[in-house]
Amino acid sequence: MIEFTHVRKWYGHYQALDDVTERVGQGEVVVVCGPSGSGKSTLIRTINRLEAIQAGTITVDGTDVNNRQINVNKLRSRIGFVFQQFNLFPHLSVQENIALAPVNVLHRDRREASSRALELLDKVGLAHKAQAYPAQLSGGQQQRVAIARALAMDPPVMLFDEPTSALDPEMVGEVLQVMKQLAKDGMTMVCVTHEMGFAREVADRVWFMADGQVLERADPTSFFQSPVHPRAQKFVADIRSP
Amino acid sequence: MFEILSHYGISLLIGQYPQGPLGGIALTLLMSIAALLLAFPVAIGIALARMSPIAALRRSSAIYVYFVRGVPLLLLIFWAYFMLPLVTGFNAPASVTVVCALVIYEGAYLGESIRGALAALPVGQVEAARSLGLGYWSTLRRVVLPQALYNCLPSIMNQFILIVKNTSLAYIIGAHEATFSANQINAQLLTRPFEVYMILAAIYFAICFSLSRLSHGIERRIAAKRSGHVTAIPSAEPHIASVTS
Chain S
12 MIEFTHVRKW
22 YGHYQALDDV
32 TERVGQGEVV
42 VVCGPSGSGK
52 STLIRTINRL
62 EAIQAGTITV
72 DGTDVNNRQI
82 NVNKLRSRIG
92 FVFQQFNLFP
102 HLSVQENIAL
112 APVNVLHRDR
122 REASSRALEL
132 LDKVGLAHKA
142 QAYPAQLSGG
152 QQQRVAIARA
162 LAMDPPVMLF
172 DEPTSALDPE
182 MVGEVLQVMK
192 QLAKDGMTMV
202 CVTHEMGFAR
212 EVADRVWFMA
222 DGQVLERADP
232 TSFFQSPVHP
242 RAQKFVADIR
252 SP
Chain A
39 MFEILSHYGI
49 SLLIGQYPQG
59 PLGGIALTLL
69 MSIAALLLAF
79 PVAIGIALAR
89 MSPIAALRRS
99 SAIYVYFVRG
109 VPLLLLIFWA
119 YFMLPLVTGF
129 NAPASVTVVC
139 ALVIYEGAYL
149 GESIRGALAA
159 LPVGQVEAAR
169 SLGLGYWSTL
179 RRVVLPQALY
189 NCLPSIMNQF
199 ILIVKNTSLA
209 YIIGAHEATF
219 SANQINAQLL
229 TRPFEVYMIL
239 AAIYFAICFS
249 LSRLSHGIER
259 RIAAKRSGHV
269 TAIPSAEPHI
279 ASVTS
């Protein structure tokens, strides 16, 4: 589904990604973790070309992401992306937020897109907020709308960039709940997150990153019980006893 | 003052029309509206060009802005007055000349206001739109401009009001707008400049004040819509006091 081959990225002289070669299979849930500044967000943002890379290749469903010939808008419309800061459009109602891209990118009928938006809102438990504006919602509600907005494009892959990091603790659960349901439904997911409970419960694999490299890849149980790399050992120890 | 109005009210309102060209307040309003409608898209274009990924566009629009900002509006009007006939080959009426100069002038100022608002928009808004597959123009039209233009409504209104007041400079090249009419009336009365110019001031004030109220009303309506209070309209003023206290 997603393949990284010798991916390298620099910000000026600073190397953000250092020879990343990984793959994510169809229906797989991968959790990316690691200390801050390790390149997790950069990695996930290269998948839909929000960040360019300087060497290597990334393919999604066989499409070379950085090929200048491809239609990047079409590629992005098939990759759902959920941001840490939600990034809902404040001038549009919740329902309009969700229907915007289906109408303008997929050229769906407006009414059809609106009723599909309602279905998705129902799925994330917010059907009663369809006419509300983002400013009227709590952080957790906004993030659930953002997930529904991404799902409205029927993407085969969903990327989550620290989806619960900007939330108050009591709202983390409701967002994770939606993500768990997605995972159970067979969605291919890459999640940058510090929610180790979520990783344990739904991840097929955990990637541990530090200094722009994926230092360790393991199933969640063995990663949390017996990390191999010294940096991973320190990371797991740190999140156990903060 | 009422006596002046009852004698010269019509000429103040429409100039010598229908015997002569349209003038007075009617012409002032027409010129203002034309300049507003034309300067607005020009300004958006300048703002976009100033932030364009294409270096040539960025550079040429910057030169335009620096040039226009460095030259008095009156000079632009003179230039338009002498150059327009040479370039286009026909003698444009004074009012058209002034509208052209105003569009060039306000395109730069309004463009910079809009550029500021575009730059202030959180980058996440564009990233979210692009991640959904929206292209450059759709993102601009559906996500960026509706927010940026709302955010710079106060400075847009500032520039609009300047446009209205600056139409009075058309008097110098002989457009028969409100200032010209008032001057003519003053020349006939000779002894009552204070009243005549008071009336003229009141006219400009009335137009500009209505524009201010209009923009205030729009701001309040949008703010009310976004916060969900459709019936009880809150103040559109930023709640700085409630934030700091």
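If you read the protein sequences in the order shown, they are chains S and A.
The first sequence begins at 12 in our numbering and counts up one residue at a time.
The second sequence begins at 39 in our numbering and counts up one residue at a time.
Just so it is clear, CB atoms sit at the ideal spot from N, CA and C, and this is done for glycine as well.
Keep in mind the model is a prediction, meaning the values are calculated, not measured.
I want to verify the contact list: residues of chain A whose CB lies under 7 Å from the CB of Pro174(S), in sequence order.
Result: empty, since nearest Cβ-Cβ is about 13 Å, beyond 7 Å.
Which value, in whole angstroms, describes the spacing of the CA atoms of Arg79(S) and Leu178(A)?
22 Å
For Gly67(S), the first and last residue of its enclosing beta strand (DSSP E)
66-71
Where do the ends of the alpha helix (DSSP H) carrying Asp249(S) lie?
Here the alpha helix (DSSP H) through Asp249(S) covers 241-251.
For Trp218(S) and Val35(S), I'd like the C-alpha separation in whole angstroms.
11 Å
For Arg107(A), which residues of its own chain have a beta-carbon under 7 Å away from its beta-carbon, when the five flanking residues on both sides are left out?
Ala146
With a Cβ-Cβ cutoff of 9 Å, do Leu50(A) and Ala225(A) count as a contact?
no
Provide the residue(s) that pair with Phe92(S) in DSSP beta bridges, ordered along the chain.
Leu170(S)
Given this structure, state the Cα-to-Cα distance separating Ile84(A) from Arg127(S), to the nearest angstrom.
39 Å
At the 9 Å Cβ level, is Ser253(A) part of the contact set with chain S, yes or no?
no
Starting from Phe243(A), follow the beta strand (DSSP E) in both directions and report where the run begins and ends.
Premise fails: Phe243(A) lies in the alpha helix (DSSP H), 231-265, not in any beta strand (DSSP E).
Do Val201(S) and Ile58(S) have their C-beta atoms within less than 9 Å of each other?
yes
I'd like the list of long-range same chain contacts for Ile223(A), defined as Cβ closer than 8 Å, with 5 residues on each side in sequence excluded.
Only Ile42, Tyr46, Ser49, Leu50, Val234 meet the Cβ criterion.
Are Ser169(A) and Ile109(S) closer than 9 Å when you measure CB to CB?
No, these two residues do not count as a Cβ contact at 9 Å.
In the region 67-93 of chain A, which residues sit with their C-beta less than 9 Å from some C-beta in chain S, listed in chain order?
none
Could you give the distance in angstroms between the alpha-carbon of Gln244(S) and the alpha-carbon of Asp215(S)?
20 Å
Alpha-carbon spacing of Glu215(A) relative to Pro123(A), whole angstroms:
21 Å
Quick check on the DSSP output: what are the complete beta strand (DSSP E) runs of length 3 or more inside the region 16-64 of chain S, in order along the chain?
Correct list: 25-35, 40-44.
DSSP three-state call for Met200(S): helix, strand or coil?
Correct three-state label for Met200(S): strand.
Name the residue from Ser252(S), Val40(S), Ala157(S) whose alpha carbon lies nearest to the alpha carbon of Thr204(S).
Val40(S)
Is it buried or exposed for Gln192(S), if we count other Cβ within 10 angstroms and need 16 for buried?
Its Cβ having fewer than 16 others within 10 Å, Gln192(S) is exposed.
Can you give me the Cβ contacts of Ala161(S) inside the same chain, cut-off strictly under 8 Å, excluding the 5 residues immediately before and after it?
Gly91, Phe92, Val93, Met169
Could you check where the alpha helix (DSSP H) with Ala208(A) kicks off and where it finishes?
Counting along the chain, Ala208(A) falls outside any alpha helix (DSSP H), and DSSP gives it neither H nor E.
Within the 9 Å Cβ cut-off, does Val42(S) reach chain A?
By the rule that beta-carbons nearer than 9 Å mark a contact, Val42(S) does not touch chain A.
Label Val268(A) either buried or exposed according to how many other C-beta atoms from any shown protein chain fall within 10 Å of its C-beta, with 16 as the threshold for buried.
Since pLDDT at Val268(A) reaches only 49, below the 50 mark, its modelled position is unreliable, and no value is offered.
Quick check: Tyr144(S) and Leu178(S), are their CB atoms within less than 9 Å of each other?
No. Outside cutoff.
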